[in-house]
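**Q** Counted the way my numbering counts, the sequence shown spans residues 43 to 356. Quick one: this structure, given as structure tokens, is what I'll be asking you about.
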Amino acid sequence: MMTLNEVAKTLRQKNNIEILTHHYPDGDTLGSAYGLCLALQRIGKNARVITSGKVAQKYDYLSSSVDKSDFTPGFIMSVDVAAPTLLGENQENYKDKIDLCIDHHKSNSMGVKDSYIDHTAASTAEIIYDLLKIMNVDITKEIADCLYTGVSTDTGCFMYTNTTERTHIIAGELIKAGCDFGTINRAMFETKTKEKLALERMVYDTLDYYHDGKCAIIYTTIAMQERLNLGDDEMEGLASIPRQIEGVKIGITMREKKNKEFKISVRTNGDIDACAFCQQFGGGGHNAAAGCAINGDLITVKQTLIAAAKEILK
Numbered sequence: 043m044m045t046l047n048e049v050a051k052t053l054r055q056k057n058n059i060e061i062l063t064h065h066y067p068d069g070d071t072l073g074s075a076y077g078l079c080l081a082l083q084r085i086g087k088n089a090r091v092i093t094s095g096k097v098a099q100k101y102d103y104l105s106s107s108v109d110k111s112d113f114t115p116g117f118i119m120s121v122d123v124a125a126p127t128l129l130g131e132n133q134e135n136y137k138d139k140i141d142l143c144i145d146h147h148k149s150n151s152m153g154v155k156d157s158y159i160d161h162t163a164a165s166t167a168e169i170i171y172d173l174l175k176i177m178n179v180d181i182t183k184e185i186a187d188c189l190y191t192g193v194s195t196d197t198g199c200f201m202y203t204n205t206t207e208r209t210h211i212i213a214g215e216l217i218k219a220g221c222d223f224g225t226i227n228r229a230m231f232e233t234k235t236k237e238k239l240a241l242e243r244m245v246y247d248t249l250d251y252y253h254d255g256k257c258a259i260i261y262t263t264i265a266m267q268e269r270l271n272l273g274d275d276e277m278e279g280l281a282s283i284p285r286q287i288e289g290v291k292i293g294i295t296m297r298e299k300k301n302k303e304f305k306i307s308v309r310t311n312g313d314i315d316a317c318a319f320c321q322q323f324g325g326g327g328h329n330a331a332a333g334c335a336i337n338g339d340l341i342t343v344k345q346t347l348i349a350a351a352k353e354i355l356k
């Protein structure tokens, strides 16, 4: 694995840089990617961000200042992508072509030649902040907006247990650099469409408890999504619901996808390892937040999760 100084030296030497995000991108992968892209463009590099799946409209401000010039890629990297499958529709096109991976997931299995992975960082955006400091790139308001988005969203607005003293110091520096933290926090954590609110009402009706109330499971179906005309980009933010319930140690959110697949999000309290839980099914993530995918119908997948929760709660 490379050091961050080596990553900085490599990026200084390279040009025509493509930055990949994970599928259905969230605030950290987008904030990290666009923050780095803006920084590279600021020092005269050709750089662009390649996303996978529709990006939620609330993130439009992240790319508004990026130069969209075309070029032939000469160096390809990924940010906040823990596994090749998370590249989504880009997986096949970029198979064995990624030169560098920057990430903070301890379960990272990208398997690329060069990587920098720091699982002690609360977000990949924290790593990008440190990288830009090493590269002596001035952090503009636009870059600060991007990195603050990554830091705040991956820590649940600084409420999750992955938040550290360093997280707050970096957030403070980004505020000092001019980031519009109030507007960003409202957009990320307080503003919902009427359709999203209607979905949450439906989701509460799916809530069930297991194992003496220590496990809570909710789910969404394609039918629910179609009824409200919600795109996949508007489905995030539900995973925190079951963990918020008093007494719940493992909260599981099931989201039905096409081809009899369910995307599983796991959030835990206490000493329950969400990453270990999801690794049983080929996924991964962090101690308190992780994900995976399981094929099958609703009842079968749910029973599989209930059984797995029973074992991990022992």
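Glycine residues also receive a C-beta, built at the ideal position from the N, C-alpha and C atoms. Just so we're clear, the structure is a prediction, and the values are computed from it rather than from any experiment.
Where does the unbroken beta strand (DSSP E) through R297 begin, and where does it stop?
**A** 292-298 is the span of the beta strand (DSSP E), which, as asked, contains R297.
**Q** Report all residues from its chain with a CB closer than 8 Å to the CB of T235; omit the five preceding and five following residues, and keep chain order.
**A** Counting only Cβ-Cβ distances below 8 Å, and skipping sequence neighbours, we find E276.
**Q** If you pair each beta-carbon of the segment 243-261 with each one of the segment 214-233, do three or more pairs fall below 8 Å?
**A** The segment 243-261 is not in contact with the segment 214-233.
**Q** Taking only three categories from DSSP, how would you classify M119?
**A** M119: strand per DSSP, three-state reduction.
**Q** Quick one: measure Cβ to Cβ for N204 and A124, integer angstroms, because I've assumed they're closer than 8 Å.
**A** Wrong, their Cβ atoms sit about 14 Å apart, outside the cutoff.
**Q** Does the beta-carbon distance from A349 to F319 come in below 8 Å?
**A** No, the Cβ-Cβ distance between A349 and F319 is not below 8 Å.
**Q** Alpha carbons only, please: which of E48, N311, V91, G327 is nearest the one belonging to I176?
**A** Ranking the options by Cα distance to I176, first place goes to E48.
**Q** Would you check if the distance between the CB atom of A335 and the CB atom of I354 is smaller than 8 Å?
**A** Not closer than 8 Å, so no.
**Q** What did DSSP end up calling H64 once you bin it into helix, strand or coil?
**A** Note: H64 maps to strand in three-state DSSP.
**Q** Taking only the alpha-carbon atoms, compute the straight-line gap between I260 and Q83 and give it to the nearest angstrom.
**A** Their Cα atoms are separated by approximately 43 Å.
**Q** State the CB to CB distance for the pair S94 and H65, rounded to an integer number of angstroms; the pair is presumed to be in contact (CB under 8 Å).
**A** Right, their Cβ atoms sit about 4 Å apart.
**Q** Expressed to the nearest angstrom, what Euclidean distance is found between the alpha-carbon atoms of E288 and G312?
**A** Spanning the two alpha carbons is a distance of roughly 12 Å.
**Q** If you scan the segment 51-112 from start to end, which runs of the beta strand (DSSP E) of 3 or more residues do you find wholly inside it?
**A** Complete beta strand (DSSP E) runs here, min 3: 59-65, 89-94.
**Q** Closest by CA to K356, which one among D172, I292, G338, E298?
**A** It is I292.
**Q** When you compare each of T63, I294, D112 to Y136 by their alpha carbons, which one comes out closest?
**A** Closest option to Y136, Cα to Cα, is T63.
**Q** Return the chain-ordered list of same chain residues with a C-beta closer than 6 Å to the C-beta of A229, the five sequence neighbours on each side being excluded.
**A** For A229, where only same-chain residues beyond five positions count, the Cβ hits under 6 Å are K100.
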